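Numbering (UniProt numbering), first residue to last: 1 to 989.
First the structure, in the form of structure tokens, and then the observations on it.
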RNA sequence: GCCUAGGUGGUGAAACUGGUAGACACGCAGGACUUAAAAUCCUGUUCCCGUUAAGGGAGUGCGGGUUCGAUUCCCGCCCUAGGUACCA
């Protein structure tokens with residue numbers, strides 16, 4: 001039979017499913033390997049061809065590792081809590097669980113068509129109560145934990161209570177809120193129980209506190225920093241404002257340092273590591289206090305250049321700084337209040353857009369310089385951010401450009417502090433010179449000055465070295481329905497954990513998925529939803545990232561009812577060896593997952609510091625839209641009938657556009673049946689060709705037409721479904737059926753074809769550029785799809801989807817099939833011993849694929865397969881000894897055809913999945929094309945690579961007779977001689 | 001502005017540690033088979049000069065450098081994509 005992908009592929013997919021071919025267990029002597037994909041959110045649109053790119057790559061890798069003798073865990077599941085299902089529920093009233101279920105079924109069907117080797121028996125869904133039970137459990141552990149900085153790990157809150165009871169707050173070194181109290185053991189004991197709980201909340205890793213949040217009114221929820229892009233929501237692009245609310249937060253900042261140092265131990269793409277580093281934003285510096293004798297307090301600032309402290313000529317506070325109103329003098333009060341009012345009105349977006357404008361107001365107050373004791377002015381300005389550092393900066397105009405501009409603008413002093421500074425035009429932050437105007441550090445270098453200043457400040461109690469992080473704690477509550485309920489109830493306004501036995505705390509039914517009339521989250525609508533019948537539950541739900549922050553553990557032991565994953569399973573699988581997914585999760589999912597992983601390690605649940613050892617970002621596949629150009633703005637004379645269903649081919653459109661652009665904006669073209677005239681007078685040679693084309697259709701049909709007038713925008717691009725376009729050539733019949741109003745369309749063609757325009761855009765329904773993998777599979781098969789997605793280019797690179805080249809890959813599979821089938825389509829194989837050339841072709845591919853997979857260069861493997869089959873075809877090789885190994889090598893890429901051929905050779909059905917990867921034999925390959933001259937007994941001889949198959953004597957004769965060679969041998973040592981086809985190309989000395 | 005990645009034919013791309021640049025594939029052109037189409041196969045295809053050919057020249061964003069030899073290494077610049085931003 002001919003290569004029939006439909007029959008072959010369905011058959012094998014059924015076989016794999018029925019036989020549980022890819023079911024994994026822990027009981028084996030093989031080394032383990034964990035290959036994970038970022039699990040998808042099952043959206044209503046289904047998969048498009050961009051989605052499976054990463055899954056195909058990971059599947060190839062997983063299958064390859066199996067062949068290499070590893071016990072491979074390769075699971076798949078769904079991140080099934082999320083906004084779209086809820087939005088859909090709001091619109092239609094359908095329960096998000098139902099929508100989600102339907103979408104998951106659709107996803108599963110599409111995934112199955114591609115022939116993945118997932119172990120589906122381990123599937124997880126984050127919205128499944130049996131799953132989110134453990135998400136809630138982890139939350140409870142985080143609530144019950146504090147971070148002991150001395151031990152550098154999270155500990156049970158009980159150990160903290162114990163220490164409070166014994167020694168009070170003395171000596172506690174914790175990651176906690178700023179406003180913790182200091183107290184003795186006696187004072188602690190004297191606190192009311194509520195006070196104690198209130199205080200403990202400031203230490204917990206999951207905690208409740210009033211914080212400024214990104215409130216998105218349109219979505220009715222708060223958003224995390226990484227969900228806000230340029231001041232608008234990532235989803236939907238709605239405006240986001242700052243608002244104070246009581247919120248659940250996660251003390252991820254406790255792990256800032258470990259999250260940073262851990263990045264050095266993982267094998268991740270450099271851009272991603274860099275993104276996380278920037279997000280954490282560590283800066284090493286110092287805090288400096290500027291005394292305020294009038295208020296008996298200090299202004300604390302953070303600086304990374306404490307050595308420039310003698311250059312301070314003023315201090316700037318953020319407008320929101322808590323000391324502002326207290327220290328503002330009466331004369332300045334009006335100005336200050338007005339300034340605060342204007343800045344608070346500015347949205348995040350405004351503030352970002354006028355970054356360059358200098359603004360600020362003097363408070364009228366002065367602080368003492370900590371080292372010189374001189375008075376320095378205190379200003380407020382919105383270039384100082386309340387949320388970073390201490391919300392106040394010491395201004396060093398000579399060393400910082402923003403301070404410099406501020407000083408210039410308000411005519412404040414600029415003090416040079418280094419003999420190498422040039423501050424005539426701008427601030428100069430260089431660290432090269434010696435200090436001047438700097439009392440105790442005059443004449444010192446930067447390296448000497450920093451510790452000197454810090455020592456002095458510390459001695460005065462006015463400063464100390466400090467490390468600051470940009471990263472904020474993560475807001476953990478969402479005022480939405482479709483998420484995990486937080487396992488908390490309230491009594492007298494204080495949060496308590498529900499009993500562990502009550503887990504999972506099920507998502508209650510509600511009548512509507514909207515906030516209540518009183519503005520509470522949707523869960524406020526649930527009837528009789530009280531903890532043990534009396535206490536109110538927390539009404540917000542967990543954010544989208546909760547369920548995805550630990551899911552790789554659940555795959556290890558997905559059905560366990562007693563724990564999130566058994567210790568045996570966790571110790572066996574340890575961490576993910578290879579993780580494939582998009583880089584858009586750099587500062588969200590990938591950071592939170594590392595945080596929870598570290599916490600679970602501290603908690604003694606698992607032993608790995610990092611969850612994902614190696615990570616690959618697959619590039620996004622963008623859409624490639626096609627356009628047709630319709631006549632839609634014109635005037636006719638001498639005819640009544642409409643003639644607007646005319647489409648011009650792409651090059652004519654470009655021609656037309658270019659030409660019109662060169663005319664005055666309000667000009668128009670008149671068309672006559674024998675050509676085009678510009679302004680009815682001048683014949684435009686350029687447009688003759690265009691005019692003839694256009695004239696043909698228009699005037700054949702309307703012979704009596706006197707003229708048509710065209711304007712600048714007479715032809716406008718219109719998205720056309722990419723599925724009726726092939727190689728940018730429009731299928732005219734399908735186009736007429738595409739939309740009813742195109743039924744009588746007429747075309748102005750080039751070379752008898754309608755060429756469409758194209759553009760790279762996001763893949764979306766409205767742009768008619770969505771390509772469904774099912775359609776590709778229907779036409780070419782899953783193996784072709786898999787190979788083609790890999791063939792498209794480097795995995796990590798983003799690229800537009802373009803079906804144009806797929807024929808080439810399809811041809812390769814057909815060629816391979818035909819090589820082992822005769823003209824009648826019967827399987828035909830020879831038992832003969834292969835020739836050297838045949839072995840060479842085979843071993844080339846064995847080596848190549850192995851190398852390529854190890855370095856994730858899947859696209860070059862596909863090319864190599866084609867070369868291999870071309871070579872074998874030329875050799876007319878249909879030998880069993882070649883095919884046996886070849887199909888194993890091919891199996892990760894094109895598993896269906898590989899299985900089928902394996903079977904046809906008389907091997908037991910399905911055993912190819914457990915075969916072992918063929919051993920590469922270098923004897924068959926040309927290793928190198930270089931010859932190395934060596935000296936033997938004073939005579940120069942050539943070391944020729946054996947595989948080159950050259951006549952030693954003949955080559956030596958040629959090479960040694962070469963003048964250059966002689967010259968080099970006399971002068972210097974020759975490293976190698978490069979020759980191709982017996983000819984010397986170059987000589988390396 | 002800063003950080004990161006990248007820039008090679010008509011197109012997707014390859015060249016792994018400096019060694020025949022453009023493998024492989026698409027597209028295009030020509031040809032074979034066929035009544036015809038599909039399918040399949042063959043030949044050519046970086047650009048310029050040379051009627052064909054033999055042959056010659058240029059060529060991996062631009063300008064320099066190191067080297068017998070540079071897409072690859074170094075310096076400066078330009079452009080594109082992604083990230084990030086009054087972060088003190």
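Ideal Cβ placement from N, Cα and C applies to all residues, glycine included.
Model, not experiment: these values are computed from the prediction.
Alpha carbon to alpha carbon, what distance is there between residue j and residue i?
i           : j           : result
residue 458 : residue 307 : 14 Å
residue 431 : residue 244 : 41 Å
residue 203 : residue 143 : 9 Å
residue 559 : residue 119 : 14 Å
residue 782 : residue 806 : 12 Å
residue 2   : residue 882 : 21 Å
residue 994 : residue 263 : For residue 994 there is no data in the structure shown, the boundaries of the chain being 1 and 989.
residue 718 : residue 655 : 17 Å
residue 400 : residue 372 : 20 Å
residue 137 : residue 303 : 41 Å
residue 165 : residue 210 : 27 Å
residue 436 : residue 610 : 48 Å
residue 15  : residue 908 : 13 Å
residue 724 : residue 17  : 34 Å
residue 761 : residue 742 : 24 Å
residue 278 : residue 796 : 21 Å
residue 61  : residue 892 : 7 Å
residue 531 : residue 503 : 12 Å
residue 570 : residue 434 : 57 Å
In chain order, what residues of the same chain have a beta carbon less than 7 Å from the beta carbon of residue i, not counting five sequence neighbours either side?
i           : result
residue 525 : 510, 511, 512 and 516
residue 514 : 90 and 522
residue 633 : 711, 713 and 714
residue 176 : 202 and 203
residue 141 : 603
residue 628 : 647, 718, 720, 730 and 756
Note down, in chain order, each residue of its chain lying with its Cβ closer than 8 Å to the Cβ of residue i, except the 5 sequence neighbours on either side.
i           : result
residue 4   : none
residue 404 : 397, 398, 414, 423, 426 and 427
residue 258 : 152, 598 and 609
Please work out which residues of its chain come closer than 6 Å, Cβ to Cβ, to residue i, disregarding the five sequence neighbours upstream and downstream, and give them in chain order.
i           : result
residue 56  : 786 and 789
residue 106 : 46
residue 71  : 28, 30 and 32
residue 412 : 313 and 314
residue 483 : 81, 541 and 542
residue 791 : 809, 859 and 862
Less than 8 Å between the CB atoms is what I'm expecting for residue i and residue j, so what's the real figure, rounded?
i           : j           : result
residue 626 : residue 758 : 5 Å
residue 608 : residue 597 : 7 Å
residue 465 : residue 454 : 5 Å
residue 475 : residue 249 : 6 Å
residue 998 : residue 777 : The displayed coordinates of the chain run from 1 to 989. Any statement about residue 998 would go beyond what the structure contains.
residue 555 : residue 122 : 5 Å
residue 86  : residue 96  : 5 Å
residue 124 : residue 551 : 6 Å
residue 147 : residue 174 : 6 Å
Could you tell me which uninterrupted alpha helix (DSSP H) segments, each at least 4 residues in length, are contained entirely in the segment 718-799, listed from first to last along the chain?
-> For the segment 718-799, whole alpha helix (DSSP H) runs of length 4 or above, ordered along the chain, are 732-738, 773-780 and 782-791.
Mind listing, in chain order, the continuous beta strand (DSSP E) runs of no fewer than 3 residues lying wholly within the segment 852-936?
-> Listed in chain order, the complete beta strand (DSSP E) runs (minimum 3 residues) inside the segment 852-936 are 930-936.
Validate contact between the segment 818-838 and the segment 867-876 using beta carbons, cut 8 Å, 3 pairs = A contact exists between the segment 818-838 and the segment 867-876.
Unbroken stretches of the alpha helix (DSSP H), 4 residues or longer, contained in the segment 480-538 | Runs of the alpha helix (DSSP H) spanning 4 or more residues and lying entirely within the segment 480-538 do not occur at all.
Only counting runs of 3 or more residues, tell me where the beta strand (DSSP E) segments fall wholly within the segment 281-346, in order along the chain.
-> 282-292, 297-303 and 314-317
Sequence ranges, alpha helix (DSSP H) only - wholly within the segment 386-453, length at least 4 | 401-410
Can you list, in chain order, the stretches of the alpha helix (DSSP H) that have 4 or more residues and sit fully within the segment 234-286?
-> 256-261 and 270-280
Residue ranges of each alpha helix (DSSP H) run of no fewer than 4 residues wholly in the UniProt domain "Methionyl/Leucyl tRNA synthetase" (38-151), ordered along the chain?
-> 52-67, 83-92, 96-113 and 129-143
Could you tell me which uninterrupted alpha helix (DSSP H) segments, each at least 4 residues in length, are contained entirely in the segment 567-631, listed from first to last along the chain?
-> 567-573 and 589-602
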